[in-house]
Amino acid sequence: MAAEETVIDGPDILKEWVGKGRVFSKSFDQELYHEVQQFVFREARLQDIHDYDAWEDLWTDDAIYWVPANGTDTDPERDMSLIYDNRSRISLRIRQLKTGRRHSQTPPSQLARVISNFELIKSDNNDIKVMCNAQIFETNLRGDTMWASRTEYSLRHINGELKMAYKKVVLINNNKPIFTLSFLV
Amino acid sequence: MEQYAHSKWKKLIQPGLVHGSLYYDEEIFKEEVEKIWFRTWVYVGHVSEVPNVNDFVTKTIGPMPVLMVRDRNNEIQLLLNRCPHRGNAVCVQEKGNRARFTCPYHSWTFSNTGDLINYAFPDGYQGTDKSKLGLAKVARIAIYRGFVFGCMTEEGPTLEEHLGGAKRAIDQLCDNSPTGEIEISAGFLRHRTRANWKFILENECDGYHPGFVHSSIFSVADSAIGSLYGSDAVAVTRSFGNGHTEVDPRPEFRRRDEPLSWFGTSADRLPDYTRQMNEAYGEERARQIMIDGAPHVMIFPNLFIAEIQIFVIQPVSANESIQHSTAIQFKGAPDINRRLRQQTMGSVGPAGFLLADDTEMYERNQRGLEIRNPEYLYLKRGEHRERRDEDGFLIGHSTDDLPSREIWRHYLSIMEAQ
Numbered sequence: 007m008a009a010e011e012t013v014i015d016g017p018d019i020l021k022e023w024v025g026k027g028r029v030f031s032k033s034f035d036q037e038l039y040h041e042v043q044q045f046v047f048r049e050a051r052l053q054d055i056h057d058y059d060a061w062e063d064l065w066t067d068d069a070i071y072w073v074p075a076n077g078t079d080t081d082p083e084r085d086m087s088l089i090y091d092n093r094s095r096i097s098l099r100i101r102q103l104k105t106g107r108r109h110s111q112t113p114p115s116q117l118a119r120v121i122s123n124f125e126l127i128k129s130d131n132n133d134i135k136v137m138c139n140a141q142i143f144e145t146n147l148r149g150d151t152m153w154a155s156r157t158e159y160s161l162r163h164i165n166g167e168l169k170m171a172y173k174k175v176v177l178i179n180n181n182k183p184i185f186t187l188s189f190l191v
Numbered sequence: 003m004e005q006y007a008h009s010k011w012k013k014l015i016q017p018g019l020v021h022g023s024l025y026y027d028e029e030i031f032k033e034e035v036e037k038i039w040f041r042t043w044v045y046v047g048h049v050s051e052v053p054n055v056n057d058f059v060t061k062t063i064g065p066m067p068v069l070m071v072r073d074r075n076n077e078i079q080l081l082l083n084r085c086p087h088r089g090n091a092v093c094v095q096e097k098g099n100r101a102r103f104t105c106p107y108h109s110w111t112f113s114n115t116g117d118l119i120n121y122a123f124p125d126g127y128q129g130t131d132k133s134k135l136g137l138a139k140v141a142r143i144a145i146y147r148g149f150v151f152g153c154m155t156e157e158g159p160t161l162e163e164h165l166g167g168a169k170r171a172i173d174q175l176c177d178n179s180p181t182g183e184i185e186i187s188a189g190f191l192r193h194r195t196r197a198n199w200k201f202i203l204e205n206e207c208d209g210y211h212p213g214f215v216h217s218s219i220f221s222v223a224d225s226a227i228g229s230l231y232g233s234d235a236v237a238v239t240r241s242f243g244n245g246h247t248e249v250d251p252r253p254e255f256r257r258r259d260e261p262l263s264w265f266g267t268s269a270d271r272l273p274d275y276t277r278q279m280n281e282a283y284g285e286e287r288a289r290q291i292m293i294d295g296a297p298h299v300m301i302f303p304n305l306f307i308a309e310i311q312i313f314v315i316q317p318v319s320a321n322e323s324i325q326h327s328t329a330i331q332f333k334g335a336p337d338i339n340r341r342l343r344q345q346t347m348g349s350v351g352p353a354g355f356l357l358a359d360d361t362e363m364y365e366r367n368q369r370g371l372e373i374r375n376p377e378y379l380y381l382k383r384g385e386h387r388e389r390r391d392e393d394g395f396l397i398g399h400s401t402d403d404l405p406s407r408e409i410w411r412h413y414l415s416i417m418e419a420q
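Quick mapping for you: the protein sequence lines, in order, are chains D and U. Heads up, the first sequence is in my numbering, so the first residue is 7 and it goes up one at a time. Heads up, the second sequence is in my numbering, so the first residue is 3 and it goes up one at a time.
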């Protein structure tokens with residue numbers, strides 16, 4: 007391992023929570039870091055204002071949108087996840103929201119999210135991998151809800167623009183009963 | 003007093019009319035915990051959730067946690083997670099594998115059979131009978147085709163008497179597995195719901211709502227579910243008695259006469275599964291099973307088998323519940339299992355295409371009851387067309403309120419009892 011890298015470690019009892027084994031890059035590419043942040047902030051804004059088409063446009067054709075349940079490093083091909091969408095299911099999710107009859111989003115949740123703690127992590131291919139934290143305030147007919155997540159992206163330059171190939175949202179309370187989550191997280 | 007209690011319930015629950023307070027009154031909720039959750043058979047878990055000796059998983063009976071354990075003797079046990087000494091939890095892990103549980107407070111240690119093995123500094127206890135200080139157990143445990151039920155009282159009907167005609171639905175489910183066994187192995191989604199548990203219970207066999215609550219997803223996905231719940235549908239609702247109800251779409255699937263149509267697919271798309279079914283049951287019987295499909299049955303009070311997934315309803319308070327949901331897996335049938343998981347993940351849980359909207363309805367219903375007029379909910383749809391099937395069970399149209407009426411009839415009989 008190069009000196010400019012560091013591996014996430016932590017107590018075994020929290021293994022499924024800290025995403026153990028991921029390698030953070032200590033080298034700092036200011037321009038890339040800025041570009042990645044701007045992309046994630048834009049994605050957050052599109053989600054907050056329910057701009058469904060613009061959000062869907064951010065995805066690559068091989069996209070995976072994954073919100074695991076019951077831990078961080080579960081196996082989505084074996085274990086239940088809250089969301090485990092490929093590109094066509096992302097599209098179905100958007101089409102349902104756009105009918106105007108997705109009752110849990112009618113009226114839509116009012117949202118503001120704060121994204122922070124960006125760190126670039128080592129990638130096994132040409133994708134750019136980044137981790138960050140998100141806090142989302144939601145208010146809807148039921149009341150106010152706070153959500154918090156560790157989020158992991160794989161981003162890719164396509165025709166000079168960044169696109170999302172992979173987004174994994176690990177809700178910090180995903181091993182507890184949680185309220186309906188029908189806005190785009 | 004008895005006369006008063008009798009008339010109280012009769013007033014709240016009338017034919018086709020139920021009083022709003024049954025969904026929000028905390029005193030009624032406490033009485034339900036005692037009379038339903040702690041007195042009658044309740045679904046706890048499935049044997050496949052503890053496949054190995056010493057496996058355990060935390061489950062619930064009503065609002066109370068229960069440890070479901072496969073003990074050192076390979077027996078399924080339902081232990082209460084409360085140290086007999088001072089009430090501490092002997093286990094705070096949700097699931098795992100261990101032969102003994104040690105209370106962290108004073109180090110009392112219990113075998114996973116529930117027996118007290120030892121306590122710290124034993125010379126402080128003189129003449130104490132350790133056999134009386136084991137973990138308490140759910141009074142009765144019974145297993146039907148892998149489904150584990152518990153009952154907190156020694157007396158009362160057996161599990162098989164309680165299930166009655168609903169056994170057919172469980173058999174129908176297991177028959178869809180080429181090994182005759184299902185597995186619950188994918189972990190649960192837990193959906194926190196600010197609504198009374200009975201709104202969830204009643205919705206499970208309500209065939210009136212899908213065309214409206216789920217029109218958003220039906221209109222954008224190729225779903226054949228909608229046609230089961232139209233006004234010209236041939237599917238029926240059925241009451242098995244004891245509060246168990248089902249929507250039975252078999253008349254519709256038999257009309258279609260296509261294996262796996264119930265699952266929105268066809269035999270040639272699942273060749274391995276189809277071959278396994280033919281080998282297990284013979285072609286004729288396998289074809290009938292694959293036409294009829296899996297059941298849609300609500301076993302009172304908390305186990306909903308929704309064709310390809312199960313839901314376990316957990317009451318928390320009068321105004322709050324948790325829906326636990328997961329995909330059913332057919333043991334030894336990997337090609338259908340992936341589809342069962344994928345379809346379940348799309349449909350259920352907090353982000354599901356279906357359940358997010360069902361849950362929105364439960365929560366709006368609950369808030370609606372803050373408006374106190376009219377006092378009663380109206381459940382009379384299809385009263386005029388109830389009839390008996392060849393087995394003597396009450397049936398109605400798939401969009402009728404018959405399941406709700408029958409749930410309330412059973413509820414009344416339990417709550418009236420002293």
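No residue lacks a Cβ here, since even glycine has one placed at the ideal position from N, Cα and C. Fair warning: this is a prediction, and the values are worked out from it, not measured in the lab.
Using a CB distance cut-off of 8 Å, residue 67 of chain U does not count as an interface residue toward chain D.
Interface residue (Cβ-Cβ distance to chain U less than 8 Å): residue 183 of chain D is classified as such. Straight-line measurement puts the Cα of residue 370 of chain U at about 12 Å from the Cα of residue 196 of chain U. Closer than 8 Å to the CB of residue 119 of chain D there is not a single CB belonging to chain U.
Residues are counted here when their Cβ sits less than 7 Å from a Cβ of chain U; for the stretch 98-115 of chain D these are 98, 101, 102, 105, 107, 108, 109, 110, given in chain order. For residue 12 of chain D, the enclosing beta strand (DSSP E) begins and ends at 11-13. Taking the beta carbon of residue 58 of chain D as reference, no residue of chain U falls within 9 Å; the closest one sits roughly 12 Å away. The DSSP-derived three-state label of residue 379 of chain U is strand. Under the DSSP definition of a beta bridge, residue 300 of chain U partners with U/247, U/306.
For residue 87 of chain D and residue 343 of chain U, the gap between their C-alpha atoms comes out near 9 Å. Bounds of the beta strand (DSSP E) holding residue 163 of chain D are 150-164. Remark: fewer than three beta-carbon pairs, one from each stretch, lie closer than 8 Å, so the stretch 135-154 of chain D and the stretch 380-391 of chain U are not flagged as touching. For the C-beta of residue 221 of chain U, the chain D residues within less than 7 Å are, from N- to C-terminus, 105. Assignment of residue 69 of chain D by DSSP, reduced to helix, strand and coil, places it in the strand class. Three or more beta-carbon pairs drawn from the stretch 326-342 of chain U and the stretch 270-284 of chain U are found closer than 8 Å, and the two stretches are therefore classed as touching. DSSP lists no bridge partner for residue 293 of chain U.
Taking the Cα of residue 246 of chain U as reference, the smallest distance to any Cα among U/153, U/261, U/168, U/210 is reached at U/168. One Cα belongs to residue 77 of chain D, the other to residue 320 of chain U, and the distance between them is close to 30 Å. Residues of chain U with a Cβ closer than 7 Å to the Cβ of residue 188 of chain D are, in chain order, 353, 358. Residue pairing by DSSP places residue 398 of chain U opposite U/239 in a beta bridge. Residue burial annotation: residue 316 of chain U is buried, with at least 16 other C-beta atoms found within 10 angstroms of its C-beta. The stretch 171-182 of chain D makes contact with the stretch 67-75 of chain D, as at least three CB pairs between them are under 8 Å. Residue 350 of chain U sits close to residue 327 of chain U, with the two beta carbons spaced by under 8 Å. Nearest to residue 269 of chain U by alpha-carbon distance, out of U/250, U/290, U/251, U/257, is U/290.
Of all residues in the stretch 176-193 of chain U, the ones placed with a Cβ closer than 9 Å to any Cβ belonging to chain D are 187, 188, 189, 190, 191, 192, 193, in chain order.
In the structure shown, residue 205 of chain U adopts helical secondary structure according to DSSP, grouped into three states. Within the stretch 338-394 of chain U, the complete alpha helix (DSSP H) runs of at least 4 residues fall at 357-370. Put simply, the backbone Cα of residue 285 of chain U is about 8 Å away from that of residue 279 of chain U. Just measuring C-alpha positions, the residue of U/234, U/174, U/366, U/114 sitting nearest residue 294 of chain U is U/174. Straight across, the Cα-Cα distance linking residue 345 of chain U with residue 91 of chain U is about 37 Å.
Residue 397 of chain U is positioned such that its CB atom lies no closer than 8 Å to that of residue 204 of chain U. Residue range 142-146 is occupied by the beta strand (DSSP E) that includes residue 144 of chain U, with no alpha helix (DSSP H) assigned at that position. CA-to-CA, the gap between residue 143 of chain U and residue 79 of chain U works out to about 8 Å. Of the candidates U/222, U/32, U/330, U/193, the residue whose Cα lies closest to the Cα of residue 95 of chain D is U/222. At least 8 Å separates the beta-carbon of residue 121 of chain D from that of residue 58 of chain D. When 8 Å is used as the limit between beta carbons, residue 215 of chain U is near these residues of chain D: 109, in chain order.
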